[in-house]
Every structure is written in structure tokens, then in C-alpha cells.
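Asks: Next up is a structure, given as C-alpha cells.
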Amino acid sequence: MSTPRPVKVNRLRSSTPNPVPSRSGQSRRAGARPWLERAVRVGAKLMTLLFLISFGWVVLLKYLPVSITPLMISRKMEAVADDQNSKLYKDWTPYEAISKEAALAVIASEDQAFSSHWGFDFDEIQDAIKENKRRKRPRGASTISQQVAKNVFLWSGRSYLRKGLEVYFTFLIELIWGKERILEVYLNVAETGPLTFGVEAASRRYYGHSAQTLTRTEAARMAAVLPNPRLFSIKKPSAYIQKRTRQIARQMRYLGGRGYLKNL
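The opening residue of the sequence shown carries number 10 in our numbering; numbering runs sequentially from there.
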């Protein structure tokens with residue numbers, strides 16, 4: 010008599026089935042996903058809107074005079090708070106009506122690689138980083154393009170957000186404006202004295218004539234005070250400013266004089 014074979018048990022069939030998610034768990038996950046998707050969509054739309062506004066703003070200022078800047082407003086508010094004369098001295102003047110000595114002087118003083126870089130002088134940035142390791146007061150390495158982006162579009166102060174926006178606007182004005190327009194705006198919005206902005210206002214206030222007739226020495230002295238125009242004076246130059254004036258005048262000659270501006 011044969012021995013009966015053992016019956017095989019199908020463990021897969023007999024195993025406990027996976028629990029079915031409850032309807033409440035499904036609804037929670039379904040509710041969380043649309044919320045996240047809406048947040049992403051809103052964020053993307055906001056970023057696109059901000060880009061379009063900033064891009065249009067830059068395009069608009071390629072053609073219109075820059076009549077006011079955040080720095081001008083800040084200086085005026087400071088004067089009002091101190092119960093001082095708050096009149097702003099500024100006079101927008103086209104590039105063609107400004108002495109080319111003034112244009113050459115600010116390049117010689119502030120940014121000698123202006124004609125060749127795309128908004129950032131990386132060699133100068135590296136040199137500044139090395140020097141600042143042993144300097145008590147850090148030295149800046151901002152190009153004329155960066156200074157224009159900062160003065161025209163941004164607020165005063167230091168933060169990573171502001172620095173990031175400075176890079177963004179510097180790239181945009183280099184791309185859209187071009188060198189001559191950047192230089193024109195700089196010559197009109199740079200702070201040149203207490204409540205004084207632009208070379209035309211400074212020339213009339215301190216020299217008694219228009220910026221169109223600035224001499225090389227006058228333009229060099231104006232450029233010499235740019236690092237701190239509220240401390241240094243164009244009208245009453247200190248020994249340091251007189252020395253800086255001579256140095257800038259020499260650099261203007263080394264650059265090739267007015268012929269340098271033809272490369273812009």
C-alpha cells in the first residue's frame with residue numbers, strides 16, 4: 010500500500026494580504042499634492058513676472074534719462090532727518106555734451122579694464138581678496154558697470170540678496186545697454202559731492218561752468234573724490250586728493266587719451 014503524498018501549501022495564497030490604505034489616508038495625500046503643485050506654479054509665475062518687470066525696466070532706461078536713484082532718495086532723506094538743506098544737485102546731460110576728459114578720468118580712476126570686460130573684472134577681484142586679508146579697511150573691486158547697477162536699481166546696504174541682484178542687473182545692462190550707455194549713466198548718477206550727483210552738477214557747482222568744457226586736471230580731480238565724495242572735496246582738495254589727481258591724469262595719458270574711448 011503506497012504512502013500518500015503530502016499536500017503542498019501555497020504560501021503566497023495563504024499569506025496575509027497587504028492592507029488596503031484607508032480612504033482618509035488617500036485623501037490626505039491627494040490634498041497635499043495639489044497644494045504643493047499650486048505653490049510651485051505660483052512661485053514660477055512670480056519669478057517670471059519679476060524677470061519681465063526687471064527686464065522691461067532695464068530696456069526702458071536704455072533710452073530714458075535716469076532722473077532719480079535709490080541713493081539720491083536716501084541722501085535726501087538723511088538731510089531732511091538732520092534738518093539740513095535737502096536740495097539735490099543733479100542735471101542729466103547726454104554723453105555727447107560731456108567732456109570726454111570726464112569719461113576718460115572715471116575709467117582711469119575706477120575701472121581701467123572697462124572696455125574689455127563683461128561687467129566683472131575677475132583679476133581685480135582676486136587682487137582685492139588677497140589684499141583684504143591684510144588690510145583693516147577692505148578694498149572694493151566693483152567695476153563701473155557694477156556701480157551703475159547698484160546705484161540705479163538697488164538699495165544701500167550689504168547682503169547676499171543685494172549682491173546677487175547686483176550681479177543680475179550688471180549682466181542685463183552689459184547685454185542691453187552697451188558700454189557707452191553705461192558710461193553715460195554713470196557720469197550722470199555718480200555721487201560727486203554732498204547731495205551732488207553727476208559730473209554736470211558738480212562742474213557747475215564747484216567749477217562754475219558746464220561739464221562740456223572740463224579740463225583734464227578738473228576731470229581728474231573730480232574722479233579723485235569718487236571713492237568718498239562726502240569726505241573728499243572737489244572745491245577744496247586735500248593734499249591726498251591733489252596727489253590722486255596727478256596720478257589719475259598720468260593714467261589717462263597711459264590709456265591713450267581720448268582715443269581710448271573709441272574702443273567702447
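For glycine and all other residues, C-beta sits at the position ideal for the given N, C-alpha and C.
1) Within the chosen definition, does the segment 201-212 reach the segment 164-173 through at least 3 CB pairs nearer than 8 Å?
2) Just the C-alpha distance for Leu71 and Arg42, rounded to the nearest angstrom, thanks.
3) Per DSSP, which one or two residues make a beta bridge with Phe206?
4) With a CB to CB cut of under 7 Å and the five nearest residues on each side skipped, what residues in its chain are close to Ser154?
5) Within 10 angstroms of the Cβ of Gln156, are there 16 or more other Cβ atoms? Answer buried if so, exposed if not.
6) Compare the beta carbon distance of Glu110 and Arg230 with 8 Å and say whether it is the shorter of the two.
7) Find the nearest neighbour of Leu273 within the set Tyr104, Ala228, Asn237, Asn197, judged by alpha-carbon distance.
8) Apart from the five residues on each side of it in sequence, which residues of its chain come closer than 6 Å, Cβ to Cβ, to Pro79?
9) Quick check: the segment 231-245 against the segment 211-220, are there 3 or more CB pairs under 8 Å?
10) Give every residue of the same chain whose Cβ lies closer than 6 Å to the Cβ of Thr254, excluding the five residues on either side of it in the sequence, and list them in chain order.
11) Taking the Cβ atom as the reference point for each residue, do Thr201 and Pro238 lie within a distance shorter than 8 Å?
12) Where Gly187 and Trp44 are concerned, what is the direct C-alpha to C-alpha distance, given to the nearest angstrom?
13) Quick check on Leu273: does DSSP put it in helix, strand or coil?
14) Buried or exposed: where does Asp120 fall if 16 or more other Cβ atoms within 10 Å of its Cβ makes it buried?
15) State the DSSP-derived secondary structure class of Ile107, mapped to helix, strand or coil.
16) Here's the rule I'm using: 16 or more other beta-carbon atoms within 10 Å means buried, otherwise exposed. How should Glu193 be labelled?
17) Under 8 Å between the Cβ atoms of Leu196 and Ile107?
Replies: Answer, in terms of the structure:
1) Cβ pair count under 8 Å is below three, so no.
2) Position 62 of the sequence shown, counted from the first residue, corresponds to residue 71. Position 33 of the sequence shown, counted from the first residue, corresponds to residue 42. Reading off the sequence, residue 71 comes out as Lys, not Leu. Arg42 has its alpha-carbon roughly 44 Å from the corresponding atom of Lys71.
3) On the sequence shown, position 197 is the one that residue 206 refers to. Within the DSSP secondary-structure output, Phe206 pairs in a beta bridge with Lys99, Glu200.
4) Taking the first residue of the sequence shown as position 1, residue 154 is located at position 145. Residues of the same chain with a CB within less than 7 Å of the CB of Ser154, apart from the 5 flanking positions on each side, are Gly128, Thr179, Ile182, Glu183, Ile191 in chain order.
5) As a position in the sequence shown, residue 156 is number 147, starting the count at 1. With 16 or more Cβ atoms within 10 Å of its Cβ, Gln156 is classed as buried.
6) The count along the sequence shown starts at 1 and reaches residue 110 at position 101. The count along the sequence shown starts at 1 and reaches residue 230 at position 221. Cβ atoms of Glu110 and Arg230: not closer than 8 Å.
7) The residue given as residue 273 occupies position 264 in the sequence shown. Residue Tyr104 is the option with its Cα nearest to Leu273.
8) By 1-based counting over the sequence shown, the position of residue 79 is 70. Its chain contains Trp164 as the residues whose beta carbon lies nearer than 6 Å to that of Pro79, once the 5 sequence neighbours on both sides are disregarded; these appear in chain order.
9) When Cβ pairs closer than 8 Å are counted between the two stretches, the segment 231-245 is seen to touch the segment 211-220, the count reaching three or more.
10) Indexing the sequence shown from 1 puts residue 254 at position 245. Residues of the same chain with a CB within less than 6 Å of the CB of Thr254, apart from the 5 flanking positions on each side, are Ala229, Arg230, Ala233 in chain order.
11) Position 192 of the sequence shown, counted from the first residue, corresponds to residue 201. Position 229 of the sequence shown, counted from the first residue, corresponds to residue 238. It is a contact, given that the beta carbons lie within the stated cut-off.
12) As a position in the sequence shown, residue 187 is number 178, starting the count at 1. As a position in the sequence shown, residue 44 is number 35, starting the count at 1. The alpha-carbon of Gly187 is positioned some 44 Å away from that of Trp44.
13) Numbered from its first residue, the sequence shown carries residue 273 at position 264. Here DSSP, grouped into helix, strand and coil, assigns Leu273 to coil.
14) To locate residue 120, count along the sequence shown from 1; it is residue 111. So Asp120 counts as buried.
15) Along the sequence shown, read from residue 1 onward, the residue named residue 107 stands at position 98. Reduced to three states, the DSSP call for Ile107 is coil.
16) Within the sequence shown, the letter at position 184 stands for residue 193. Flag for Glu193 reads buried.
17) Locating residue 196 in the sequence shown gives position 187, counting from the first residue. Locating residue 107 in the sequence shown gives position 98, counting from the first residue. Against a cut-off of 8 Å, the Cβ pair of Ile107 and Leu196 comes out as a contact.
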